[in-house]
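Worksheet: the structure to be examined is printed underneath.
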Amino acid sequence: MSLVIVATSLLLSLEAFAGDYIVSYAFDGTTRADVAAGATSALNEFGSTKECQYDRHCTIKLTKSDLTISLYVERLGAHEVMVFADGGRSLSDGCCYFSGGDRLVNRKLAEPLLRLWIYEGQSRKGNEYVQNLPLGLLYLQFLDFK
Numbered sequence: 024m025s026l027v028i029v030a031t032s033l034l035l036s037l038e039a040f041a042g043d044y045i046v047s048y049a050f051d052g053t054t055r056a057d058v059a060a061g062a063t064s065a066l067n068e069f070g071s072t073k074e075c076q077y078d079r080h081c082t083i084k085l086t087k088s089d090l091t092i093s094l095y096v097e098r099l100g101a102h103e104v105m106v107f108a109d110g111g112r113s114l115s116d117g118c119c120y121f122s123g124g125d126r127l128v129n130r131k132l133a134e135p136l137l138r139l140w141i142y143e144g145q146s147r148k149g150n151e152y153v154q155n156l157p158l159g160l161l162y163l164q165f166l167d168f169k
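Residue numbers (this note's numbering): 24 to 169.
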């Protein structure tokens, strides 16, 4: 009887913490030092998270590359995701940007797989042209939208 009670409480607690959607991720990244040494997969990471909820920030920690990826998906209408990347202590002050020096990107999730380049460098100010150094390619796959 005690085994049934424990099993039931575990199942109920799993449902209580279940998210609204699942995000599988992969990061294909290298540093300049890795490329010079011929180690092109030193910062590769992958995984998934099931705790993401609509209208709340969802965080993915990439420990090898010292990055934190934050996602925000709105529940209403067509699913649109806002993605922000932040570098940790090991990265320079000039991290992390997307194409054109933008700090965040908004994308409609017309396809389940999203590909985003992450760069080191500087942000864009006004209409200036910015060309930053690539840090890696982030893949995000969104599943089980409710």
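We put the CB at the ideal spot given by N, CA and C, even for glycine.
- Between Phe-121 and Tyr-142 the beta-carbon gap is near 7 Å, inside 8 Å, which marks them as a contact.
- Annotation: the continuous beta strand (DSSP E) that includes Asp-109 extends over 103-110.
- In terms of Cα proximity to Val-104, the closest of Arg-138, Val-128 and Asp-43 is Val-128.
- Ser-71 sits in a strand when the DSSP states are folded into three classes.
- With respect to the 9 Å criterion, Phe-50 and Gly-159 are classified as neighbours on the basis of their beta carbons.
- Secondary structure of Gly-124 (DSSP, three-state): helix.
- Close CB contacts of Ser-88 within its chain, under the 8 Å cut and outside five residues either way in sequence, are with Phe-50, Gly-52, Leu-66, Glu-68, Leu-158 and Gly-159 (chain order).
- Membership of Asp-51 in the beta strand (DSSP E) is indicated by the continuous run 44-52.
- Taking C-beta separations shorter than 6 Å and ignoring five residues to either side along the sequence, the partners of Cys-118 in its chain run Gly-110 and Glu-143, following chain order.
- In the three-state reduction of the DSSP assignment, Tyr-152 falls in the coil class.
- In this chain, the beta strand (DSSP E) harbouring Lys-84 covers 80-85.
- The Cβ-Cβ distance between His-80 and Ser-93 falls below 9 Å.
- In terms of CA proximity to Asn-150, Asp-125 leads the group Asp-125, Phe-107, Cys-75 and Thr-82.
- Beyond the five residues adjoining it in sequence on each side, Pro-135 comes within less than 7 Å, by CB distance, of Gln-164, Phe-165 and Leu-166 in the same chain, given in chain order.
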